[in-house]
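Worksheet: one structure, shown below.
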Amino acid sequence: MRKILLSLSLLSIMSAASAAENHMRPGLWEVTTTSMLLALVPQIPPDQMQKLTNLAKQYGLDMPKIQNGTATSKVCITQQMADQKIPSYFHHSQTGCSVKNAIRTENSYKMDLVCTADSQFKGNGRAEGTFTSPESFSGWTTFSGTLQDSPINEHADTSGRWISASCETAEPPR
Numbered sequence: 000m001r002k003i004l005l006s007l008s009l010l011s012i013m014s015a016a017s018a019a020e021n022h023m024r025p026g027l028w029e030v031t032t033t034s035m036l037l038a039l040v041p042q043i044p045p046d047q048m049q050k051l052t053n054l055a056k057q058y059g060l061d062m063p064k065i066q067n068g069t070a071t072s073k074v075c076i077t078q079q080m081a082d083q084k085i086p087s088y089f090h091h092s093q094t095g096c097s098v099k100n101a102i103r104t105e106n107s108y109k110m111d112l113v114c115t116a117d118s119q120f121k122g123n124g125r126a127e128g129t130f131t132s133p134e135s136f137s138g139w140t141t142f143s144g145t146l147q148d149s150p151i152n153e154h155a156d157t158s159g160r161w162i163s164a165s166c167e168t169a170e171p172p173r
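Residues in the sequence shown are numbered consecutively from 0, following numbering that gives the first Met the number 0.
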């Protein structure tokens, strides 16, 4: 369960940042993800939640605040990330999933997520969204496959908003 939650958070951040083109403002962003799977977080025992927090730190992330099926995290988007259409370090992320068929048309983006046999995830996903301004976006991600041989079919809605030019409270994703 804890790896599923972290991996979904990583996929959500990956899909949002992967859509970055010159129109995304660099700086500190607040990213909010809502899903049915995140609604199960209150059922996780405190010791397991601590393990999940530690796992997130291994990936260079702070554990997002999760409440009522919604995860809220702060992500630093560097100028280099904002300048790239699809950041090269997201082609093969920490989850072992890669971005394929990424298309950016005006303010909208679409991409496929492919998770191969050598990753925790095995299966395929899709992410789509729209930048409503250089300081906000909304979209969704779906994934069907397995995580550590357990079936998973998940839909997550994601939105992001620019908070400030300074990233003092968050590190860029690794």
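From the three backbone atoms N, C-alpha and C, an ideal C-beta is built for every residue, glycine too.
Check	Outcome
Just checking, does the stretch 46-56 make contact with the stretch 94-109 on the three C-beta pairs under 8 Å criterion?	no
Roughly how many angstroms separate the alpha carbons of residue 81 and residue 23, rounded to a whole number?	6 Å
Sort 106, 83, 53 by Cα distance to residue 133 and report the nearest one.	106
Quickly, what does DSSP pair residue 159 with across the bridge? List them, please.	30, 136
Residue 153 and residue 142 look like a contact to me (Cβ under 8 Å); what is the Cβ gap, rounded to whole Å?	5 Å
Mind reading off the beta-carbon distance from residue 30 to residue 159? Whole number of angstroms is fine, and I expect it under 8 Å.	5 Å
Buried or exposed for residue 129, going by 16 or more other Cβ atoms inside 10 Å?	exposed
Assign residue 54 to one of three DSSP states: helix, strand, or coil.	helix
What residue range does the beta strand (DSSP E) around residue 66 cover?	64-66
Measuring alpha carbon to alpha carbon, tell me which residue in 162, 74, 36 is nearest residue 156.	36
Taking the alpha carbon of residue 69 as the reference point, which residue from 78, 50, 38 has its own alpha carbon closest?	38
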